[in-house]
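*Asks:*
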Amino acid sequence: METKNVIFELRTKKGLSQEELAQKVMVTRQAVSRWENGETVPNTETLKLLSKEFDVSINTLLGDPRQLVCQCCGMPLEDGIISHNGDGTLNEEYCKWCYADGTYTYSNMDDLIDVCVKHMVNDKFTEEQARSYMKQLLPSLDYWKRYEELSDNGQFEAFKEQLIKEINDLHIEGLPKVEKLNALVGSYVNLGYPLPNGKTVKFLMFIEKYSIVIPEIFLYTSLTNKTKGDKNI
Ligand SMILES: [Zn+2]
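In terms of the working numbering, the sequence shown opens at residue 6 and continues consecutively.
#1: Does DSSP put Phe96 in a helix, a strand or coil?
#2: Which of helix, strand or coil does DSSP assign to Tyr138?
#3: Cβ of Ser102 within 7 angstroms of any heavy atom in ligand 1?
#4: Bridge partners of Phe130, per DSSP?
#5: Given 7 angstroms as the limit, tell me if Met239 has its C-beta closer than that to any heavy atom belonging to ligand 1.
#6: Based on the DSSP output, what are the partners of Pro5 in its beta bridges?
#7: Following a CB-centred definition, is Met114 positioned closer than 7 angstroms to any heavy atom of ligand 1?
#8: Could you give the first and the last residue of the continuous alpha helix (DSSP H) run that contains Ile87?
#9: If you check the beta carbons only, do Leu54 and Val30 fall under 8 angstroms apart?
#10: Regarding Tyr99 and ligand 1, is the C-beta to nearest heavy atom distance less than 7 angstroms?
#11: Report yes if the CB atom of Ile118 is closer than 8 angstroms to the CB atom of Lys101, and no otherwise.
#12: Keeping to the same chain, check which residues put their C-beta closer than 8 angstroms to that of Val122; ignore five residues upstream and five downstream.
#13: Nearest-angstrom Cα distance between Val37 and His89?
#14: Short check: CB of Glu14 to CB of Asn64, under 8 angstroms?
#15: Report the three-state DSSP secondary structure of Tyr104 (helix, strand or coil).
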């Protein structure tokens, strides 16, 4: 589909007039009309605004000229699974499981491979095959190439270590010693959980085998220093 049709469809689906869309992306109504007639295409800055307004990738606005692939896990990207930046704009580099609100989920390639392999195994693809496929694919993706830079020189790893220590120091009854924090993948990523104080926390991590305790653990980790010591939260 061409840009003119894409914009027309998105605009009408959202019930906006040309005038209303023009105001939202700071152009004249005539400009919108010219896009939809195919006389011009929006400039780069306007494409970014349109992408945010419609929550679709710039790639989609341009009529899908390239196949987007998550640069962390290699998954083909469609608008519904593209990640967002903290300011609500789409980040076309990553899927929503690998990147969320400015945070990268994976800091260890082997952890990611473990997660992916579980979803890839079927009658035609053995675990061994899936594993070797991922081992070959991942190092060619931008995220892993730039990993050192993106991981804040190990700060994220240090944060996880600190979190594990703090959780263990709580000595929660019945909770075995926490050795490792893993990224949560699946439909619960980015699930917001409202707190009594009106704030919302997001579930990004869980402890292997003890996903039931996620809310308590993650709430604990999300609160301020003052409330951190309260085991009942
Ligand atoms: Zn991904």
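Glycine included, each C-beta is placed from N, C-alpha and C at the ideal position.
*Replies:* In brief:
#1: Here residue 96 turns out to be Asn, not Phe, going by the sequence shown. Asn96 sits in a strand when the DSSP states are folded into three classes.
#2: In the structure shown, Tyr138 sits in a helix (DSSP, three-state: H, G or I).
#3: Before going on, a small fix: residue 102 reads as Trp here, not Ser. Checking the Cβ of Trp102 against ligand 1 gives yes.
#4: Phe130 is bridged by DSSP to Asn127.
#5: Residue numbering for the chain in the displayed model covers 6 to 238; residue 239 lies beyond these limits and cannot be assessed.
#6: There is simply no residue 5 to check, as the chain begins at 6 and stops at 238 in what is shown.
#7: Judged by the Cβ position, Met114 fails to qualify as a neighbour of ligand 1 at the 7 angstroms threshold, every heavy atom of the ligand being at least this far.
#8: DSSP places Ile87 outside any alpha helix (DSSP H); the residue lies instead in the beta strand (DSSP E), whose first and last residues are 87-89.
#9: Yes, the pair counts as a contact, with Cβ atoms nearer than the cut-off.
#10: Flag set: Cβ of Tyr99 near ligand 1.
#11: The Cβ-Cβ distance between Ile118 and Lys101 does not fall below 8 angstroms.
#12: Closer than 8 angstroms at the Cβ level, and outside the excluded window around Val122, lie Glu132, Ala135, Arg136, Met139.
#13: About 25 angstroms.
#14: Not a contact, by the Cβ cut-off of 8 angstroms.
#15: Here Tyr104 sits in strand by DSSP.
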